[in-house]
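Those letters in the sequence shown? Residues 3 to 248, per the numbering used here, in order. Every residue gets a Cβ at the ideal spot worked out from N, C-alpha and C, and that includes glycine.
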Amino acid sequence: MTSSPILTIRDLSAVFPDNNGGLQALERISFEVCPREFVAVLGPSGSGKSTLLRILAGILRPTAGEVDFASHQQPRIGMVFQQANLMPWRTVLQNITLPLELENEAQAVSRARELIELVGLQGFESNWPRELSGGMAQRVALARALIHDPDLLLLDEPFGSLDALTRERMWTELSRIWQARQKTVLMVTHSISESLFLADRVLVLTARPGRVKLDLKVDLPRPRTDEMRYTAHFGKLARKLKEAIE
Ligand code: ADP
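Structure below.
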């Protein structure tokens, strides 16, 4: 990628207070993300992946280090978590317009309808969250995260609670949405296949404290297809990631 970074992370550390001198979750993490790049952060449980996303989202302050956005101001950020966290008393459409509540309603609804189409939920605008499958709920969460046209989309194991088949279908969907909307994405996952199917680069974090152990370029052509997952090259990349994790 030749363009200059949209996001630069330098020597980022996070220590949580405990009774034992502090728990180091992240240790001097540095990396860059270019515009429209899809970066996956892969690591074992407890390696500080969620902590990293929370720092980037501005929810948590790092203990040391810097997060620099090229725009020099806090960018618009969309976030999707493992659970969709939809408001049960609001319909699909009303959940998606939620972040735009204070803006022009007609405009919010028209943007939400566009996104409903993008994520493949036409016909479900008036349904309630309890009527949705896990995959559908995550589509709503994705549409909600996209509605204010974020500069950076942060995904924290967004498909972690879905069954394997739905999860794989969502990879194709997310890939398509990412290409259509040209977003910069940082996605946390502990699935090697997921990271290779979706990302341009995979950062592997070590077990606690999280450090960047490998920054792997995923040189698989796009659009990614299911067949690619059975190729020798995919297997080779998967092996590199697996070795880095262990
Ligand atoms: P991951 O997402 O890779 O599973 P986390 O970022 O959730 O890892 O957590 C990294 C480490 O930091 C874990 O040991 C976790 O228990 C600890 N941790 C996370 N958040 C807090 C917090 N708010 N207070 C104390 N410890 C925390």
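Reference residue i, options the options, closest by Cα
i      : options                           : result
Leu216 : Thr208, Leu198 and Gly24          : Thr208
Pro160 : Val82, Ala240, Gln75 and Ala66    : Val82
Gly212 : Leu100, Gln85 and Lys51           : Lys51
Met230 : Ser195, Lys219 and Arg115         : Ser195
Arg113 : Gly80, Ile98 and Arg12            : Ile98
Val190 : Leu157, Phe126 and Gly60          : Leu157
Ala108 : Glu119, Leu95 and Pro46           : Leu95
Ala72  : Glu34, Glu116, Leu117 and Leu55   : Glu34
Trp130 : Pro90, Gly136 and Gly162          : Pro90
Glu105 : Ile149, Gly60, Ser163 and Arg210  : Ile149
Glu39  : Ala143, Ser6, Leu58 and Glu68     : Ser6
Leu117 : Gly137, Gly162 and Leu144         : Leu144
Arg30  : Leu188, Thr186, Ser47 and Thr10   : Thr10
Leu155 : Asn87, Arg56 and His192           : Arg56
Leu58  : Ala16, Leu88 and Leu44            : Ala16
Leu88  : Val142, Leu120 and Cys36          : Val142
Ala42  : Leu198, His235, Arg210 and Phe236 : Leu198
Thr186 : Pro37, Leu134, Ser32 and Ala139   : Pro37
Asp165 : Gln140, Phe236 and Ser47          : Gln140
Residue i CB to nearest heavy atom of the ligand ADP below 7 angstroms
i      : result
Phe18  : yes
Lys242 : no
Leu157 : no
Arg210 : yes
Ser193 : no
Gly23  : no
Ser49  : yes
Gly237 : no
Ala27  : yes
Ser2   : Shown here, the chain extends from 3 to 248; a query on residue 2 therefore has no answer.
Thr53  : yes
Gly136 : no
Gly60  : no
Gly80  : no
Gly45  : yes
Nearest-angstrom Cα separation, counted from residue j out to residue i
i      : j      : result
Leu102 : Val111 : 9 angstroms
Arg63  : Thr93  : 34 angstroms
Tyr232 : Met172 : 18 angstroms
Val206 : Ala66  : 21 angstroms
Leu100 : Ser49  : 32 angstroms
Leu218 : Lys238 : 12 angstroms
Leu123 : Ala27  : 38 angstroms
Gln75  : Asp153 : 11 angstroms
Arg262 : Glu127 : No answer is possible for residue 262: it lies beyond the span of the chain, which begins at 3 and ends at 248.
Asp151 : Pro77  : 11 angstroms
Asp70  : Val220 : 25 angstroms
Leu167 : Leu54  : 28 angstroms
Ile8   : Arg115 : 29 angstroms
Gly137 : Arg169 : 8 angstroms
Leu188 : Gly125 : 30 angstroms
Arg132 : Ile61  : 28 angstroms
His192 : Gly45  : 6 angstroms
Ala246 : Ser163 : 25 angstroms
Leu134 : Leu120 : 17 angstroms
Ser32  : Arg210 : 16 angstroms
Gln85  : Leu14  : 27 angstroms
DSSP beta-bridge partners of residue i
i      : result
Gln26  : Val17
Gly80  : Leu155
Ala66  : Ser15
Arg203 : Val41 and Lys219
Val190 : Val43 and Asp158
Interface flag, residue i vs chain D, CB-CB below 8 angstroms
i      : result
Leu144 : Chain labels in this structure do not include chain D; a single protein chain is all it has.
message: Does the structure place the segment 7-26 close enough to the segment 195-204 that three or more beta carbon pairs sit under 8 angstroms?
response: When Cβ pairs closer than 8 angstroms are counted between the two stretches, the segment 195-204 is seen not to touch the segment 7-26, the count staying below three.
message: Using 8 angstroms as the cut-off, can you tell me whether the segment 176-190 makes contact with the segment 225-240, which would need three or more C-beta pairs spanning the two stretches below that distance?
response: In short, these stretches touch, since the Cβ pair count reaches three.
- prompt: Is the segment 71-88 touching the segment 241-248, taking contact as three or more C-beta pairs under 8 angstroms?
  reply: With the cut-off at 8 angstroms, the segment 71-88 and the segment 241-248 do not touch.
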